[in-house]
Amino acid sequence: MSPDLHELIGEEGDERLRRVHDALVAAGPAPELPLGLASAPAPPARVIPLRRRRFETALAAAAAAVAVAFGVGYLVGNQGTGFQSRFPVTMHGIGEAKSASAKIEIGGLDAQGNWPLLFTVHGLKAAPKGGWYELYLTQRGKLVASCGPFNAGQGKTVVHMNVPFHLNEYDGWVVIAHVPGQKHVPVLLTT
Amino acid sequence: MEVALDRGIALPGARRADTIPAVEPKDPTDQELLVRVAQGDREAFEVLYGRFARPVLGLALRRLGDRGRAEDAVQETFASVWRSAASYKPERGPGAPWLYAVARNAISDRGRARHEPPAEAPDEPALDAGPDERAEQDWLSWRVHRALADLPERERSLIELAYWSELSQSEIAERLSIPLGTVKTRTRSALAHLADALGEELG
């Protein structure tokens, strides 16, 4: 039994409301979700598309021996942090943080789909009281995905981060500052 | 805007060229959610699921007529959404029709998966709606259920009670312990919101 439209909206008929009424009657109730569907299913694994690289593959094979040697040297140079970097990304300071610089070392993707990051920043002063810095992935000039907040000290700051994003879908990184009471966030470093 | 900082530290002033608004919309559109899902955003996936799970189940039940297979189709729909959200192009249109197409495909796959002998041809012409009419009705029901999911809870519950619980306005007022006048005002408001959301779908 469908309800009486006049009882619902009164005598003065509104054509739009009458159509909604008809649509509701025709649609019927949306079924209740059973317990098994009450929450979103765990997303299935997704393959991250890699760039096509015939030439790179050949080059990689030829350079394998060099890479091993480089890897050993790198770990030594990395002061024994144990972090195995696959891709380095450099960042430079802008504005009043012009003298700052940073490097993001991207490690290998783990079995759960996380990219470990080793973020090293130089020349960034401690964030103001109640504030912090944050490393963000950007897309077309917009902040899209946070890689993590951090604070900095004098000299060098090293932070381990972990992100589950498809890194090849973004176009850059920025470091922003969250300053209490400030509506806009200044960008301090960019790729 | 220049900000005075404690400890004598001066972060760069918010010069226009160096700043990005940090404000995220509180109620992202389906389009925005799909873009975020394509980037692996689990939270956006859950919001999208909350909005569309019931419409997908409704569509699957109408098409398949079997609760078990319909529930499987819901699972498959959202697995497909997660896998293929990157193929959604926001510039080509809103997210709901794209999701509807994904759901229809998943439901068709479930339909094809049944191993039942084909039904014999009926002796008399069917009085049911034809495929076009049924598709149109499916789409309208989908849109109605989707629009209902966006209503504030206090309006959605009134609509559900009024339309599908066979309760009169007075009985709804009594059940919800609110004045009859409030029930009428909210119901009208809910219908108006649905009319806004459905827009052109209402013809």
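As you go down the protein sequences, you meet chains A and B in turn. Read the first sequence against our numbering and you will find it ends at 193, with the numbers running on by one and no gaps. Read the second sequence against our numbering and you will find it ends at 195, with the numbers running on by one and no gaps. Glycine is no exception: its CB is placed at the ideal position from the N, C-alpha and C atoms.
May I ask you to verify whether the segment 160 to 168 of chain A touches the segment 51 to 62 of chain B, counting CB pairs closer than 8 Å and requiring at least 3? The segment 160 to 168 of chain A vs the segment 51 to 62 of chain B: no contact.
Going by the DSSP bridge assignment, what does F152(A) pair with across the sheet? Y135(A)
Mind reading off the beta-carbon distance from A154(A) to K127(A)? Whole number of angstroms is fine, and I expect it under 8 Å. 7 Å
Compare the beta carbon distance of P137(B) and P20(B) with 8 Å and say whether it is the shorter of the two. First, the amino acid is wrong: residue 137(B) is His here, not Pro. Contact: no.
For a test of the three-state rule: what should DSSP assign to N116(A), helix, strand or coil? coil
Consult DSSP for T122(A) and reduce its assignment to one of helix, strand or coil. strand
Partner residues on chain A for I151(B), Cβ-Cβ distance less than 8 Å: Under the 8 Å cutoff, chain A gives L26.
Are the beta-carbon atoms belonging to H124(A) and G157(A) less than 8 Å from one another? Closer than 8 Å, so yes.
For chain A, find out if any of its Cβ atoms is closer than 8 Å to the Cβ of P17(B); answer yes or no. Residue placement at P17(B) is poorly supported in this model, since its pLDDT is 43, which falls under 50; the coordinates are not used for a value here.
Could you give the residue range of the beta strand (DSSP E) that holds H180(A)? 174 to 180
Under 8 Å, CB to CB, which of the residues in the segment 19 to 43 of chain A have a partner in chain B? L19, R21, V22, H23, A25, L26, V27, A28, A29, G30, P31, A32, P33, E34, L35, P36, G38, L39, S41, A42, P43
With E152(B) as the anchor, note down where its alpha helix (DSSP H) starts and where it stops. 145 to 156
C-alpha gap between I178(A) and A77(B), whole angstroms: 29 Å
Limits of the unbroken beta strand (DSSP E) element including A104(A): 103 to 108
Of the residues Q114(A), I108(A), A29(A), which one's Cα is nearest the Cα of R88(A)? When the alpha-carbon of R88(A) is set against those of Q114(A), I108(A), A29(A), the nearest one is in I108(A).
What first and last residue would you give for the beta strand (DSSP E) that runs through K158(A)? Element bounds for K158(A): 158 to 165.
What whole-angstrom Cβ distance do P259(A) and A154(B) have, given they're in contact under 8 Å? The structure shown does not extend to residue 259(A), since chain A spans only 3 to 193, so no value can be given for it.
How many angstroms separate the CA atom of L189(B) from the CA atom of E125(B)? Position check: residue 189(B) holds Ala in this sequence, whereas Leu was assumed. Their backbone Cα atoms lie some 22 Å apart in a straight line.
Residue range of the unbroken beta strand (DSSP E) whose run includes H186(A): 186 to 192
Residues in the same chain with beta-carbon distance under 6 Å from C149(A), minus the five sequence neighbours each way, listed in chain order, please. L137, M163, V165
Starting from F89(A) and walking both ways along the beta strand (DSSP E), at which residues does that stretch end? 89 to 95
The alpha helix (DSSP H) that contains R84(B), what's its start and end? No alpha helix (DSSP H) contains R84(B), which DSSP labels as neither H nor E.
Supposed close pair Q31(B), E171(A) - CB separation, criterion 8 Å: For Q31(B) against E171(A), the beta-carbon gap comes to about 6 Å, under 8 Å, which counts as contact.
Exposed unless 16 or more other CB atoms sit within 10 angstroms - verdict on D112(A): D112(A) is exposed by the Cβ-count criterion.
Cβ shell of V176(A) (< 6 Å), same chain only, five flanking positions each side left out: Y138, T140, V189, T192
DSSP on A128(A), reduced to helix/strand/coil? Looking at A128(A) - three-state DSSP - the assignment turns out to be coil, as it is neither helix nor strand.
Expressed to the nearest angstrom, what Euclidean distance is found between the alpha-carbon atoms of A60(A) and K81(B)? Per-residue confidence for A60(A) stands at a pLDDT of 43, beneath the threshold of 50, marking its modelled position as unreliable; the derived number appears in the next sentence. One C-alpha to the other measures close to 35 Å.
How big is the Cα-Cα spacing for I170(B) and A184(B)? 20 Å
Go through its chain and collect everything with a Cβ distance to V175(B)'s Cβ below 6 Å, but skip five positions before and after it. In its chain, beyond the 5 residues on either side, Q161, I164, A165 have a beta carbon closer than 6 Å to the beta carbon of V175(B).
Would a C-beta distance cut-off of 8 Å place L132(B) and A129(A) closer than the cut-off? In this structure, A129(A) does not lie closer than 8 Å to L132(B) by Cβ.
On the DSSP letters alone, give me the boundaries of the alpha helix (DSSP H) that G208(A) sits inside. The question about residue 208(A) has no answer here: the residues shown for chain A are numbered 3 through 193.
Would you tell me roughly how many angstroms separate the C-alpha atoms of T179(B) and F44(B), rounded to the nearest one? Between T179(B) and F44(B), the alpha-carbon positions lie close to 23 Å from each other.
Compute the distance between the beta-carbons of L186(B) and A139(B), then report whether it is under 8 Å. yes
For a test of the three-state rule: what should DSSP assign to L172(B), helix, strand or coil? Secondary structure of L172(B) (DSSP, three-state): helix.
By the 7 Å beta-carbon criterion, what residues does the segment 150 to 167 of chain A contribute toward chain B? P166, F167
Any idea what DSSP makes of Q86(A), helix, strand or coil? coil
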